[in-house]
Amino acid sequence: MGAEHNHGPGPEEAAARPDFRRKLTIAFALVFSIVLAQGIGAAATGSLALVVDVVHSLTDSIGLLMALVAAMLMVRPPDSKRTWGFRRIEVLAALGQAVLLAGVSVYAFVEAVERWSNPPEVAGPELLMFGVIALVLNVGAAFVLASSRGANFNMRAAFLEVLMDALGTIAVIVSALLIMTTGFQRADTIAAVVIALMIIPRAVLLIRETLAVLMEFTPKGFDLDEVRAHILKLDHVQGVHDLHASTVATGLPTLSAHIVLDDECFEDGHAPEILETARQCVAGHFDVAIEHTTLQLETKHLRDHEPAEVVHP
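Given below as structure tokens:
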């Protein structure tokens, strides 16, 4: 006997959800405009800081695009071929962004060593102009997303993408002002290193979190030993095995388990009551709320006759 608890959105529920696609589309267009402007600026000025920041902006625009795709998919009901839809696309995209960010950070450090001893001439006024253009577009994108940043994880992540990019752009502007006022050409190299140092923690965190999802590790903050102990405290529960927890995508943790009950539970008909109690226990008693659960109820006889390779403690 088993039960699958699926809270996937139905057509009515999906239609009733707030639709942030318009805001995300505007923010994506603004940030991608930054990529184009900074790309032209990097070619025109020879600025290493602008090169690093353009890659930073590019990854942010990809992140906003994925947020837009996720917002579109959220209003679509699941189907029999794609029971989770395309939710995991965001994980693959995030991993790609993280690798790109890490790569450009390494490039910035290597290039900075060479430029420090022989700093190239960087056009300060042009660098300032492109930096200001990028900052204005960043502020515009942040303004569009600010009112909805607390609506869900997707919108919060999109807002933070824009905010982080604005900080990098400020570093570019500061370096341009130093070059114009003091002639200190190494300011561009310092700005590039500062931006790279801002990027590295984010890249490392993204790589760690996305690999944890792809490897189907237990969700952070969710203790399976504690889950097992809670279920074992329920009346008539003899054992718990094949206990697994993983994350499909952001905000979508799942859990499955086999629960061994006394034979009498199936004879007197109160096994479904124990099933519901176990499900509520998993959903509400821990730091991570697991709403998508698959629990299989079985007798000790069935447990003893399962193939050894699928039996887990």
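Going by the working numbering, the first residue of the sequence shown is number 7, and it counts up by one from there. Glycine residues also receive a C-beta, built at the ideal position from the N, C-alpha and C atoms.
Alpha-carbon spacing of residue i relative to residue j, whole angstroms
| i | j | result |
| --- | --- | --- |
| residue 66 | residue 105 | 13 Å |
| residue 227 | residue 203 | 28 Å |
| residue 64 | residue 38 | 7 Å |
| residue 119 | residue 236 | 56 Å |
| residue 20 | residue 77 | Because the pLDDT at residue 20 is just 39, under 50, the model does not fix this residue reliably, and the value given afterwards should be weighed accordingly. Whole-angstrom Cα-Cα distance: 11 Å. |
| residue 79 | residue 27 | 10 Å |
| residue 190 | residue 89 | 58 Å |
| residue 128 | residue 53 | 6 Å |
| residue 205 | residue 111 | 7 Å |
| residue 183 | residue 58 | 18 Å |
| residue 299 | residue 309 | 20 Å |
| residue 275 | residue 33 | 56 Å |
| residue 121 | residue 233 | 55 Å |
| residue 239 | residue 260 | 22 Å |
| residue 193 | residue 108 | 22 Å |
| residue 153 | residue 273 | 56 Å |
| residue 167 | residue 258 | 21 Å |
| residue 188 | residue 195 | 15 Å |
| residue 56 | residue 200 | 12 Å |
| residue 164 | residue 61 | 17 Å |
| residue 269 | residue 218 | 38 Å |
| residue 256 | residue 244 | 34 Å |
| residue 75 | residue 35 | 14 Å |
| residue 99 | residue 136 | 28 Å |
Interface flag, residue i vs chain D, CB-CB below 8 Å
| i | result |
| --- | --- |
| residue 137 | The displayed structure is made up of one protein chain only, and chain D is not part of it. |
First through last residue of the beta strand (DSSP E) which encompasses residue i
| i | result |
| --- | --- |
| residue 301 | 298 to 304 |
| residue 248 | 243 to 255 |
| residue 263 | 258 to 267 |
Burial state of residue i (16 or more Cβ within 10 Å)
| i | result |
| --- | --- |
| residue 214 | exposed |
| residue 306 | exposed |
| residue 87 | exposed |
| residue 281 | buried |
| residue 18 | Confidence at residue 18 is low in this model, with a pLDDT of 42, below 50, so the placement of that residue should be treated as unreliable; the coordinate-derived value is given next. When all chains shown are included, residue 18 counts as exposed. |
| residue 301 | buried |
| residue 221 | exposed |
| residue 284 | buried |
| residue 304 | buried |
| residue 149 | exposed |
| residue 198 | buried |
The alpha helix (DSSP H) enclosing residue i, as first and last residue numbers
| i | result |
| --- | --- |
| residue 230 | 230 to 238 |
| residue 227 | Premise fails: residue 227 is in no alpha helix (DSSP H) and is neither H nor E. |
| residue 39 | 27 to 51 |
| residue 103 | 95 to 123 |
| residue 200 | 192 to 220 |
| residue 130 | 130 to 152 |
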